[in-house]
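Visitor: Take a look at this one; I'll ask things after.
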Amino acid sequence: MHRITVGNLSIDVVRKDIKNLHLGVYPPNGRVRIATPLKIDDDAVSLFAITKMAWIRKQQLKFETQERQSERKFVSGESHYYKGRRYILNVIYCNATPKVEIRNKTHIDLYVRVGSTNEQREKVLTKWYRKQLKDQVPALLDKWQKIIGVEVDDWGIKKMKTKWGTCTLASRRIWLNLELAKKSEQSLEYIIVHEMIHLIERNHSDRFMAYQDKFMPHWRLYKEELNRSMLSHDIWG
Numbered sequence: 244m245h246r247i248t249v250g251n252l253s254i255d256v257v258r259k260d261i262k263n264l265h266l267g268v269y270p271p272n273g274r275v276r277i278a279t280p281l282k283i284d285d286d287a288v289s290l291f292a293i294t295k296m297a298w299i300r301k302q303q304l305k306f307e308t309q310e311r312q313s314e315r316k317f318v319s320g321e322s323h324y325y326k327g328r329r330y331i332l333n334v335i336y337c338n339a340t341p342k343v344e345i346r347n348k349t350h351i352d353l354y355v356r357v358g359s360t361n362e363q364r365e366k367v368l369t370k371w372y373r374k375q376l377k378d379q380v381p382a383l384l385d386k387w388q389k390i391i392g393v394e395v396d397d398w399g400i401k402k403m404k405t406k407w408g409t410c411t412l413a414s415r416r417i418w419l420n421l422e423l424a425k426k427s428e429q430s431l432e433y434i435i436v437h438e439m440i441h442l443i444e445r446n447h448s449d450r451f452m453a454y455q456d457k458f459m460p461h462w463r464l465y466k467e468e469l470n471r472s473m474l475s476h477d478i479w480g
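Spelled out as structure tokens, the structure:
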């Protein structure tokens, strides 16, 4: 990969064994990337970018105006998200084992020990998010392995600042961003399908896009929803 400049716009250029040019604009700051066939030179890529400049600026503006949460202190009254819904956090101090409960589809009750710090409260809630996401994934993997016809040998959950998911071909392992616990179920499903397709097509090629269209015809809507959703203060940092 190398970088070219068109006007005041920096563009990452990646040459691949593909037939057509693919343009992408990515969070958090609207990074522009063009995947191009091996035979197309930088001048042709620049001309292509110029023809798409209005669209590029439109996408970058979306990221600039995307809503972000301020840093959470994990105190009562804060907004927190779970499965795409907004909940109000209610911190309950007790001398029992810390736990988290959903109440009336409107509140997240966070039970913590008296005198707990922000970091300790965050740790309890993060552990709960991880457990919820871990419980969701197996059924989705089982469903889509049958549909796509591939097997995921291993998967895991971790915090990631720049990606919703990754796929390691050698080990056939999928990693999912812990933040997906806060997103809608269809957003999670979209990312799982996206990463599973990488097991049969490494690059974001025409073939990859065709597989997405085949297995999940409305994937573009799910991607747009995910890109519009509220971001934590530190994600995409």
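Residue numbering for the sequence shown follows this note's numbering, starting at 244 and increasing by one per position.
In this text, a Cβ means the ideal position worked out from N, Cα and C, and glycines have one as well.
Nothing here was measured: the structure is a model prediction, and the numbers come from that model.
1. Go to T369, then tell me how far its alpha helix (DSSP H) extends in each direction, as first and last residue.
2. On a CA-only basis, which of I283, D456, E362 and A292 is nearest N251? Give me that one, please.
3. I'd like to know if the region 375 to 395 and the region 406 to 417 are in contact, where contact means that at least 3 CB-CB pairs between them fall below 8 Å.
4. Can the beta-carbon of V257 be found less than 8 Å from the beta-carbon of A287?
5. Buried or exposed for G408, please, with buried defined as at least 16 other CB atoms from any protein chain shown within 10 angstroms of its CB.
6. How many angstroms separate the CA atom of Y330 from the CA atom of K282?
7. What residues in its chain sit with their C-beta under 7 Å from that of L464, if we drop five residues either side in the sequence?
8. Measure from the alpha carbon of S253 to the alpha carbon of each residue in R300, K259, K262 and L264, then state which is nearest.
9. Could you tell me the alpha carbon to alpha carbon distance between G392 and L442, rounded to whole angstroms?
10. How would you label V357, buried or exposed, when you count the other beta carbons within 10 angstroms and need 16 or more for buried?
11. Assuming I247 and D285 are in contact, meaning their beta carbons sit under 8 Å apart, how far apart are those beta carbons, in whole angstroms?
12. Taking the alpha-carbon positions, what's the R373 to V380 distance?
13. Once you ignore the five residues that flank I351 on each side, which residues in its own chain have a CB closer than 8 Å to its CB?
14. Does the Cβ of Y336 have 16 or more other Cβ atoms within 10 Å, making it buried, or fewer, making it exposed?
15. If you count every other CB in all the chains shown that lies within 10 Å of the CB of R445, and 16 or more means buried, which is it?
16. Let me know the beta strand (DSSP E) ranges lying completely inside the region 418 to 449, each 3 residues or longer, listed in chain order.
17. Determine the extent of the alpha helix (DSSP H) in which T349 is found, giving its start and end residues.
Guide: On the basis of the coordinates in this document:
1. Locating residue 369 in the sequence shown gives position 126, where the first residue counts as 1. From DSSP, the alpha helix (DSSP H) with T369 extends over N361 to I391.
2. Position 8 of the sequence shown, counting from 1, holds the residue named residue 251. Ranking I283, D456, E362 and A292 by Cα distance to N251 puts A292 first.
3. Between the region 375 to 395 and the region 406 to 417 there are three or more C-beta pairs closer than 8 Å, enough to call the two in contact.
4. Position 14 of the sequence shown holds residue 257. Position 44 of the sequence shown holds residue 287. No.
5. Stepping through the sequence shown from its first residue, residue 408 is reached at position 165. With at least 16 other beta carbons inside 10 angstroms of its own, G408 counts as buried.
6. On the sequence shown, position 87 is the one that residue 330 refers to. On the sequence shown, position 39 is the one that residue 282 refers to. Their Cα atoms are separated by approximately 52 Å.
7. By one-based count along the sequence shown, residue 464 stands at place 221. Spatial neighbours of L464 in its own chain (CB-CB distance under 7 Å, excluding positions within 5 residues in sequence) are not present.
8. To locate residue 253, count along the sequence shown from 1; it is residue 10. Answer by Cα proximity: R300.
9. As a first step, residue 392 is located in the sequence shown; it is residue number 149 there, counting from the start. As a first step, residue 442 is located in the sequence shown; it is residue number 199 there, counting from the start. Between the alpha carbons of G392 and L442 lies a gap of roughly 10 Å.
10. Counting from 1 along the sequence shown, the entry for residue 357 is found at position 114. Answer is exposed; the Cβ neighbour count stays below 16.
11. Within the sequence shown, residue 247 is the residue found at index 4, counting from 1. Within the sequence shown, residue 285 is the residue found at index 42, counting from 1. Your pair I247 and D285 checks out as a contact, with CB atoms roughly 5 Å apart and the cut at 8 Å.
12. For this step, residue 373 is matched to residue 130 along the sequence shown. For this step, residue 380 is matched to residue 137 along the sequence shown. Their backbone Cα atoms lie some 11 Å apart in a straight line.
13. Here the question's residue 351 lines up with position 108 in the sequence shown. Hits under 8 Å: H323, Y325, Y330, I331, L332, N333, V343, E344, I345 and L368.
14. Along the sequence shown, one-based indexing puts residue 336 at 93. Y336 comes out exposed.
15. Locating residue 445 in the sequence shown gives position 202, counting from the first residue. Exposed: under 16 other Cβ atoms inside 10 Å.
16. Whole beta strand (DSSP E) segments, 3+ residues: zero.
17. Along the sequence shown, read from residue 1 onward, the residue named residue 349 stands at position 106. Careful: T349 lies outside any alpha helix (DSSP H) and carries neither H nor E.
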